[in-house]
Amino acid sequence: MTDTARYAAAQGTELPENVILRVNHLVKEFPITRGVFFKKQIGSVKAVSDISFEIRRGETLGLVGESGCGKSTTARCVLRLLEPTSGEVLFRTNGEVVDIAGAEGDTLRRIRREMQIVFQDPYASLNPRMTVASIVAEPLVVHGIGTKQERTDRVKELLSVVGLSPEHANRYPHEFSGGQRQRIGVARALALNPSFMVLDEPVSALDVSIQAQVLNLLEDLQEEFGLTYLFIAHDLSVVRHISDRVAVMYLGKIAELADRDALYERPMHPYSHALLSAVPIPDPDVEARRKRILLEGDIPSPANPPQGCRFHTRCPKKQEGVCDVEVPELRELEPDHWVACHFPEVKKVF
Amino acid sequence: MPEPLLRVEDLRTYFATEEGVVRAVDGISFEMYPGERRGVVGESGSGKSVTAMSIMRLIEPPAGNIVTGQIVFQGTNLLELPEDEMQRIRGGKIAMIFQDPMTALNPVYTIGDQLMETIMLHQKVGRAEAREIAIKALEDVQIPNAEQRLGDYPHQFSGGMRQRVMIAMGLSCNPDLLIADEPTTALDVTTQAQIMDLMLNLAEERGTAVMLITHDLGVVAGFCDTVQVMYAGGIVESGTADDIFHNPQHPYTWGLLASMTRLDDARKHRLHSIPGAPPSLIRLPEGCRFRPRCEFAVDVCRQILPVLSPVGDDGRLVACHRAEELDLKTLEVDAASSPQVDADPAEGVSA
């Protein structure tokens, strides 16, 4: 399909007014090859396997799961930093709906101004040879926005928005602490006035006292600029704090997707139960009376995921003949509470 | 009171760098008793790991030096022991588990070889017997098919399984003290739960004292009896886990707890945050090291470094000039008004 044909097809897609982004049947597989010159594909890593979800305007959708569950791959496909194997990523921009997965050329360039990303590692994501001013101004330069003077002014404004002093503009990244570097990353992401931001583990590399500063900043910016966030993290406490809705991923699939309080107070998927019960709570009394649900074994390889429900090999509730055969669909069991399990059950875990 | 297992007295460990002397651990004193599980918490650069490395005497001159202090373990000052005697203690009476099990294990030897080497070094046994002990050690950490897996290399194990091997290795010689430095930081949360559960059971069963070094206060809450909080090379507060979590008396401990997100917290609230960043260990501030970030600081804090001293009579130690008068427990954690302190954002830049 050509760019325009895809675009036209997407135009016709229904997207409720309050939905800014919808992912439909997204699949991302990475080939496993053998040989040096004649690379022969001998298999594939199924990083993301047919997932669908939507993000509403102004909300924060938390995407949680353990390493290798596909959360970062999902985010990178959404931004088209990775080419999806199949599926659609519908994005609303200026009143029209575009399929990012199929967009090319000018369309893609235009959408990219609307969506930005903040990375996990504030040490690796800033070029050590560039000054803070040139790092923050780079998106403006790339998209050819403003004169030199206008860009300088914009950089100063952005720095003060993220709580840095405009005098910091001419310093280099190594002169800043981790928390301040993450602020620089946020300033860069804000430069083009995006409406949607992917935050990929934005506070995981930071110490607790600094985490709180950056989380507060992100919340302030969301309110001030009406931003929509896709917040990816493995820390379930942080996700509860910042999210409106939360999706739990396991081995390339969404296991459960719900409003944050529903997910934490009334989780229904056995994997959500295990995951939530494993998170320590900083209170010795609470810890002393909690019962952990300890999972057996390790996460299977995404190159060779289990048949049926992907979680059945470790699930305390699995039933033979069902869970190991049939893939559970993500079903809406309560209003806005979606679960992919054959035997869902509400369970309070703390 | 029984004899302490370990007594650290005014330990100072410094590192020489091009920019100046880094005072990584700067005058800390504490005691540990047999069977005690002690949490050492603090943020990066607070001196937690250097404390552990100093106890194990793994600080390498000329860059790093234990400048002053005593580390008395079972009545012997480890700092005065000749290296060959220290080697018998390392991995024998005191064992250590590191954060990254992949770099702590040698990739070109099998797990069995590495385990048996440790066992034969510290116990007077032959190969066959060492092999039996190694199998038993792997079974104790719940590694399935222990006997076959002896022949596997580290890369054939998952991260969680490797950390189990490290624990097996650490405990194989029945140490009296196990130092675990961020043992679960590199692991996923469900694996972390498995490993902490395992460590708790093994330590309880054998009465091993454990020093758990971590930045995760949640892990400490579930595992430790006592806690010491470190900041910029010093201990700012220590006491029972109950006291530290429910009634913190140092503004830093209080701020740390208040700035944490909690899984069981349903409020939609603004987090309390500690302004600024920890000081450079080369240019420590005058007076209290937490002063530039402290919302309760007064004049004396600017001039005199507070000493860790008893508050009340339950063994609590606090290094704060205002420990007696401040009642942090009753303070409403209201972050809506973020504290204003005289911390220049650039001042906190750490080296």
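Protein chains in written order, with numbering that gives the first Met the number 0: chain A, 0 to 349; chain B, 0 to 350. Glycine included, C-beta positions come from ideal geometry on N, C-alpha and C. Bear in mind the structure is a predicted one, so any value in this text is a computation, not a measurement.
Exercise. Is there at least one Cβ from chain B nearer than 8 Å to H233 of chain A's Cβ?
Worked result: yes
Exercise. Quick one: does the C-beta of T106 of chain A sit closer than 7 Å to a heavy atom of the ligand GTP?
Worked result: No copy of the ligand GTP occurs in the structure displayed, which carries no ligand at all.
For this session: To the nearest angstrom, report how far apart R313 of chain A and E295 of chain A are at their CA atoms.
Result: 6 Å
Problem set entry | Buried versus exposed, by CB contacts within 10 Å (16 or more), K147 of chain A | exposed
For this session: Please state whether DSSP places N76 of chain B in a helix, a strand or coil.
Result: strand
Problem set entry | A232 of chain A, buried or exposed, once every other Cβ within 10 Å from all chains shown has been counted against 16 | buried
Exercise. Between D297 of chain A and G159 of chain B, which are expected to be in contact by the criterion C-beta below 8 Å, what is the C-beta distance as a whole number of angstroms?
Worked result: 6 Å
For this session: Within the same chain, show all residues whose beta-carbon is closer than 6 Å to that of V131 of chain A, passing over the 5 residues directly before and after it, in chain order.
Result: H167, A168, R170 and I183
For this session: Quickly, what does DSSP pair P201 of chain A with across the bridge? List them, please.
Result: P201 of chain A is not bridged to any residue.
For this session: Whole angstroms is fine: what's the gap from A213 of chain A's alpha carbon to D206 of chain A's?
Result: Just to set this straight, residue 213 of chain A is Val in the shown sequence, not Ala. Going by the C-alpha atoms only, they are around 11 Å apart.
Exercise. R309 of chain A CB to nearest chain B CB: under 8 Å?
Worked result: no
For this session: Starting from the C-beta of H173 of chain A, find all residues in its chain whose C-beta is less than 7 Å away, skip the five residues before and the five after it, and write them out in chain order.
Result: P127
Problem set entry | Short CB-CB distance (under 8 Å) between G19 of chain B and chain A | no
Problem set entry | Residue closest to I241 of chain A, alpha-carbon to alpha-carbon, out of A:Q210, A:A254 and A:Y270 | A:Q210
For this session: Closer than 7 Å by C-beta to E113 of chain A: which residues in its own chain qualify, once you throw out the five before and the five after it? Chain order, please.
Result: T92, P193, S194 and F195
Exercise. Distance, Cα to Cα, I19 of chain A vs R55 of chain A?
Worked result: 5 Å
Problem set entry | Residues bridged to W337 of chain A [DSSP beta-bridge criterion] | A:L256 and A:E331
Problem set entry | Cutoff 8 Å: I273 of chain B Cβ touching any chain A Cβ | yes
Problem set entry | C-alpha gap between G46 of chain B and E149 of chain A, whole angstroms | 45 Å
For this session: Starting from D98 of chain A, follow its DSSP beta bridges and name the residues at the other end.
Result: A:L89
For this session: Mind reading off the beta-carbon distance from I110 of chain B to D151 of chain B? Whole number of angstroms is fine, and I expect it under 8 Å.
Result: 6 Å
For this session: Rounded to whole angstroms, what's the CA-CA distance from S53 of chain B to I134 of chain A? Just pull it up for me.
Result: 41 Å
Exercise. Using a Cβ cut-off of 7 Å, which residues of the stretch 180-195 of chain A contact any Cβ in chain B, in chain order?
Worked result: none
Problem set entry | Status (buried if at least 16 other CB within 10 Å, exposed otherwise) for R87 of chain B | exposed
For this session: Tell me where the alpha helix (DSSP H) around L5 of chain B begins and ends.
Result: Not the alpha helix (DSSP H): L5 of chain B falls in the beta strand (DSSP E), residues L5 to T16.
Problem set entry | Alpha-carbon to alpha-carbon, I70 of chain B and E2 of chain B | 14 Å
Exercise. If you measure from the beta carbon of H336 of chain A to each beta carbon in chain B, is any gap under 8 Å?
Worked result: no
Exercise. Using a Cβ-Cβ distance under 8 Å, would D241 of chain B count as near chain A?
Worked result: yes
Exercise. Is any beta-carbon of chain A found at less than 8 Å from that of E2 of chain B?
Worked result: no
Exercise. Beta-carbon of L270 of chain B versus every beta-carbon of chain A: anything under 8 Å?
Worked result: yes
Exercise. Between the beta-carbon of E87 of chain A and the beta-carbon of N17 of chain A, is there less than 8 Å?
Worked result: no
Exercise. Can you list, in chain order, the residues of its chain whose CB lies under 8 Å from that of S349 of chain B, leaving out five sequence neighbours each side?
Worked result: Reliability of the predicted coordinates at S349 of chain B is poor, the pLDDT of 38 falling under 50, and the value obtained from them is presented with this limitation in mind. Contacts found: G44, A276, P277, P278, S279 and L280.
Exercise. Any beta-carbon of chain A closer than 8 Å to the one on E42 of chain B?
Worked result: yes
Problem set entry | Cα-Cα separation between C319 of chain B and T239 of chain B, rounded to whole angstroms | 18 Å
Exercise. Excluding sequence positions up to five away, which residues of its chain have a Cβ less than 8 Å from the Cβ of S203 of chain A?
Worked result: Q119, A232, H233 and D234
Problem set entry | Option in A:V348, A:G162, A:F175 and A:V77 with minimal Cα separation from V278 of chain A | A:V348
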